[in-house]
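A.B. asks: For the sequence shown, my numbering assigns the number 4 to the initial residue and increments by one for each residue that follows.
For glycine and all other residues, C-beta sits at the position ideal for the given N, C-alpha and C.
In this text, all values refer to a predicted model and were calculated from it rather than measured experimentally.
Attaching a single structure in structure tokens format; questions to follow.
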Amino acid sequence: HLKKGLMAGELASDVFLLLGKYKIIESKLAENLAKAVGFRNILIHEYAKIDNQLVYRYYQDDLEDLRRFGKEISKKFL
4 HLKKGLMAGE LASDVFLLLG KYKIIESKLA ENLAKAVGFR NILIHEYAKI
54 DNQLVYRYYQ DDLEDLRRFG KEISKKFL
């Protein structure tokens, strides 16, 4: 990001939003991944009681976002 003159995000979720802003990944994918960071924080830091059904839904529904991220980044940089 420094070579391209892109700003750095303060939060982990900002990284995905910046990738979307600069059209490195699709903006909708960036939003989804930024939300996933928030969910990860809930799981890791135990901010709330963990709902196993919610974890399962994220795993089933949102795993494809990680695959799409890998494909989009690979197309741009490999």
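Nearest CA to the CA of L66: which residue from L32, K26 and L81?
C.D. replies: L32
A.B. asks: According to DSSP, is Y98 part of a helix, a strand, or is it coil?
C.D. replies: As shown, the chain starts at 4 and ends at 81. That puts residue 98 outside it, with no answer to give.
A.B. asks: In or out: G41 buried (at least 16 other Cβ within 10 Å) or exposed?
C.D. replies: exposed
A.B. asks: Can you give me the C-alpha to C-alpha distance between Y61 and R70, rounded to a whole angstrom?
C.D. replies: 14 angstroms
A.B. asks: For the alpha helix (DSSP H) containing D38, list its first residue and its last residue.
C.D. replies: Per the sequence shown, residue 38 should be read as Lys rather than Asp. First-last of the alpha helix (DSSP H) with K38: S30 to H48.
A.B. asks: Report yes if the C-beta distance between A39 and L20 is below 8 angstroms; otherwise report no.
C.D. replies: L20 sits away from A39, with the two beta carbons spaced by 8 angstroms or more.
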